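Counted from 1, the sequence shown has number 22 at position 22 by full-length UniProt numbering; the numbering is strictly sequential.
Backbone N, C-alpha and C define an ideal beta-carbon position, used for all residues, glycine too.
The structure presented is a predicted model; accordingly, all values stated were derived computationally and were not measured.
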Amino acid sequence: MASSRPPTYSSFSALSGAPPSYHTEPRPASLASTVHIERATAPPTISYPSLAISSSQTTLSSANEISLNAARLSPLIAQSGLRYSFSQDSPSSMQLLPPPEAPNNHSLYHISVRMNVFKPGSYVSVVRRGETESGPYVGEFEYGPHDGVNRVVLGDAAAKPFRDVVVFKRRYIRSSNMAWDGLKWTFDGVTLHWEPEAQPFERPGRRVLRFQCVTKHRKDQRVLAHLATFYPADLFAARGGTAPMPTLTFERPGVELVDHIVLSILVLQRQDYPQYTASE
């Protein structure tokens, strides 16, 4: 019987490897409904309250309608309901940090960017777990004017053409008289949508945008689950030479997909530049 409490993992690699073996010797009829599992020396049986696990396929509950290989799930490193902050630590890198009240105050991700010297103008963003560029590799993407080299990589999966993973969606927001980008992200059976929406006025004349990460029904596109919220920095609030940084909150259904969420919001923010439009 699956445990009601998810295990923790020290690295992304704990989710990969051979599946456990199953003991199938005959049992009495009275025990026909009982399943005996022999614990293997390779990775332990994986059990999540919201997941149904088989030896090769992991399927989130029907509420999300996401199906993906177990090796693509993120380790349970994030906690729902906390507001994580992006913090720049060098001209070309930043970290995703938990708030001071978090039980674990270690950096979730180290994010660095470099130019492709063979294709000037094309930049590669690399995401690693932890607080340094030597941490466990999570993924990367290259995005620039050269479509032939634009790509996305996650974990040990083969690189996929950028255009096969990301579809940008422009949305006009009447209240701000501006058009903003959202996106659809599809990688190894995971499909996420980032949708821009205007927040209520925080002070007169100032409306701030936020982005909701959701899953949608394949047929009618209704929202099924809220995974995360990204709050862009209000650059007009900069004071004394320092500017605020964006923040990110994970919801409970999103904590198993944090790698996808972080990579996809980095892609969106690379692309996202608001355009003023005429009022309708």
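*Would you kindly check if the distance between the Cβ of Val-152 and the Cβ of Phe-141 is under 8 Å?*
yes
*Distance, Cα to Cα, Val-138 vs Thr-132?*
12 Å
_Where the alpha helix (DSSP H) containing Gln-95 begins and where it ends_ = Residue range 93-97 is occupied by the beta strand (DSSP E) that includes Gln-95, with no alpha helix (DSSP H) assigned at that position.
_Exposure label - Gln-271; buried when at least 16 CB within 10 Å_ = exposed
*Where do the ends of the beta strand (DSSP E) carrying Gln-271 lie?*
First-last for Gln-271: 258-271, but that is the alpha helix (DSSP H), not the beta strand (DSSP E).
*Would you mind reading off the limits of the beta strand (DSSP E) that contains Phe-211?*
209-216
*Near Cys-213, what residues of its chain come up, given a Cβ to Cβ distance below 6 Å and the 5 sequence neighbours on each side ignored?*
Leu-192, Trp-194, Leu-227, Ala-228 and Ile-261
_Where Asp-164 sits in the DSSP three-state scheme_ = helix
*Measure the alpha-carbon distance for Asn-116 versus His-146 and round it to whole angstroms.*
11 Å
*Which residues in the same chain have their Cβ closer than 8 Å to the Cβ of Gln-222, if we skip the five residues on either side of it in sequence?*
Per the sequence shown, the amino acid found at residue 222 is Arg instead of Gln. Taken in chain order, the residues that qualify are Lys-216.
*Give the single residue among Asp-181, Pro-161, Asn-105 and Lys-160 whose Cα lies nearest to the Cα of Arg-170.*
Asp-181
*Start and end residues, beta strand (DSSP E) containing Gln-88*: 83-90
_Nearest residue (CA-CA) to Pro-196, options Leu-224, Phe-230, Thr-186 and Lys-219_ = When only C-alpha atoms are compared, the closest one is Phe-230.
*Measuring alpha carbon to alpha carbon, tell me which of Leu-268, Ala-225 and Ser-87 ends up nearest Thr-242.*
Looking from the CA of Thr-242, the closest CA among Leu-268, Ala-225 and Ser-87 belongs to Ser-87.
*When DSSP builds the beta bridges, which residues end up paired with Ala-125?*
A small fix is needed here, since residue 125 is Ser in this sequence, not Ala. Bridge partners of Ser-125: Val-113 and Phe-141.
*Name the DSSP bridge partner or partners of Lys-169?*
DSSP output for Lys-169 lists Gly-182 as bridge partner(s).
*Euclidean distance between Cα positions of Gly-155 and Leu-235*: Cα to Cα, the separation comes out at about 33 Å.
*Mind checking which residues open and close the beta strand (DSSP E) that includes Ala-198?*
Unbroken beta strand (DSSP E) run through Ala-198: 190-198.
*asked:* Please report the straight-line C-alpha distance between Val-113 and Ser-125, rounded to a whole angstrom.
replied: About 4 Å.
*Which of the three DSSP states, helix, strand or coil, is assigned to Leu-154?*
strand
*asked:* Rounded to the nearest angstrom, what separates Leu-82 and Pro-136 at their Cα positions?
replied: Going from the Cα of Leu-82 to the Cα of Pro-136 covers about 23 Å.
*Sort Tyr-84, Val-255, Leu-76 and Pro-100 by Cα distance to Met-94 and report the nearest one.*
Shortest Cα-Cα distance from Met-94 to any of Tyr-84, Val-255, Leu-76 and Pro-100 involves Tyr-84.
_Can you tell me whether Phe-250 is buried or exposed? The criterion is at least 16 other CB atoms within 10 Å of its CB, across all chains shown._
buried
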